[in-house]
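For reference, the structure discussed in these notes is given below.
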Amino acid sequence: MLQQTPVIRVIPRLEEWLERWPTPAALAAVPPGEAVRAWATLGYPRRALWLHSAAVEITERHGGVVPEDVDALLALTGIGDYTARAVAAFAYGHRHPVVDTNTRRVIARAVGGQAEPAPPSRGRDLAAMSLLLPEGRDESAAFNAAIMELGALVCTARKPGCEVCPIRNECAWRAAGYPAHTGARKAVQKKFEGSDRQVRGLIMAELRATRHPVTDAEVDGLWPDAAQRGRALDGLLVDGLAVRTPGGYTLPH
DNA sequence: GAGCCGTGGTC
DNA sequence: TGACCAAGGCT
Numbered sequence: 001m002l003q004q005t006p007v008i009r010v011i012p013r014l015e016e017w018l019e020r021w022p023t024p025a026a027l028a029a030v031p032p033g034e035a036v037r038a039w040a041t042l043g044y045p046r047r048a049l050w051l052h053s054a055a056v057e058i059t060e061r062h063g064g065v066v067p068e069d070v071d072a073l074l075a076l077t078g079i080g081d082y083t084a085r086a087v088a089a090f091a092y093g094h095r096h097p098v099v100d101t102n103t104r105r106v107i108a109r110a111v112g113g114q115a116e117p118a119p120p121s122r123g124r125d126l127a128a129m130s131l132l133l134p135e136g137r138d139e140s141a142a143f144n145a146a147i148m149e150l151g152a153l154v155c156t157a158r159k160p161g162c163e164v165c166p167i168r169n170e171c172a173w174r175a176a177g178y179p180a181h182t183g184a185r186k187a188v189q190k191k192f193e194g195s196d197r198q199v200r201g202l203i204m205a206e207l208r209a210t211r212h213p214v215t216d217a218e219v220d221g222l223w224p225d226a227a228q229r230g231r232a233l234d235g236l237l238v239d240g241l242a243v244r245t246p247g248g249y250t251l252p253h
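Anchor point for the first sequence: position 173 equals 173 in full-length UniProt numbering, and the numbering is continuous, going up by one each time.
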């Protein structure tokens, strides 16, 4: 849920989710479409599908227990470098570097003296974090969490709170006089309004809203551009977020 | 490695 | 108002 999604938006949905499905086996026992429906407007609904797949994999391959090993975690659907290490470190206390977007920004500033990090690079990022990580298990887990939290709450992208920053006296960016970012601008995120993504979102909202099949006519009414509708619908079918039934389209069952 | 994938809040 | 950003991952 936290992938590319602000923590504050995740918390309430996570609490509902865990009350309904307290274990991987509980989630694995329901159709994947139920996970997609409960995901609601968290965004990137493929993550809901992947989380359901991971729950099935954990139930079948790991006896219903979330694995501790990074490689075993990485083998689960939807679990990549960040999430695998976050689970190993935060849930199990293992000593691994955990690097997310906040960590990258804090290291770029406090260590590198730069306003913004370079584009994410698995090898470089893990190496940089490894150099900072304390030796002890508990200390390393705490440090992973602390640097992420610092980036999320103080050393933010837009308005960093340097005056209240606990490491301001050791910050290379501050020592250098807060030089502005000089490198290439980050690729501009494509406009959402009018995009295929928006059409996908509209179709998904319709599928979540009813337990009856959504007809072609109903899909047609969601968006005026037929070519865009076709691309969005095909994409959802390919992704497994929608399935075609005799009466129309539904969430996967 | 680039492109794609939702939604909503901030400034 | 619109650009920017958010505990990324997959193809």
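Virtual Cβ for every residue (Gly too), placed ideally from N, Cα, C.
Continuous beta strand (DSSP E) stretch holding residue i: start and end
i	result
G248	G248 to T250
R197	Taken as a continuous stretch (DSSP letters only), R197 belongs to no beta strand (DSSP E), being part of the alpha helix (DSSP H) at D196 to A209.
Residues bridged to residue i (per DSSP)
i	result
V243	T250
V214	Y249
Reduced DSSP category for residue i - H, G, I as helix; E, B as strand; rest coil
i	result
V164	helix
V36	helix
residue 320	Since the first residue shown for the chain is 1 and the last is 253, residue 320 is missing from the structure and cannot be characterised.
V30	coil
T103	helix
R185	coil
F143	helix
P224	coil
E193	coil
A115	coil
P134	coil
W21	coil
P179	coil
L14	helix
L233	helix
L42	coil
Whole-angstrom distance between residue j and residue i, CA atom to CA atom
i	j	result
R244	P31	16 Å
L237	P117	37 Å
R211	V98	40 Å
R124	R85	16 Å
A172	T182	16 Å
E163	V214	54 Å
E57	P22	16 Å
R168	A187	29 Å
G177	R229	51 Å
R9	E16	13 Å
A146	L233	42 Å
L55	M1	For clarity, residue 55 is Ala in the given sequence; the question names Leu instead. Going from the Cα of A55 to the Cα of M1 covers about 14 Å.
Y44	L202	13 Å
T77	A242	18 Å
A48	E34	9 Å
A175	L133	22 Å
I107	G221	49 Å
Segment limits, alpha helix (DSSP H) that includes residue i
i	result
A172	A172 to A175
S121	Segment: none, S121 is in no alpha helix (DSSP H) and carries neither H nor E.
L2	That residue, L2, is in no alpha helix (DSSP H); it is neither H nor E in DSSP.
V154	Element bounds for V154: n/a, residue is neither H nor E.
Starting from the N-terminal side, write out each stretch of the alpha helix (DSSP H) that is 4 residues or longer and does not extend beyond the segment 49–101. Qualifying alpha helix (DSSP H) stretches, in chain order: 70–74 and 81–86.
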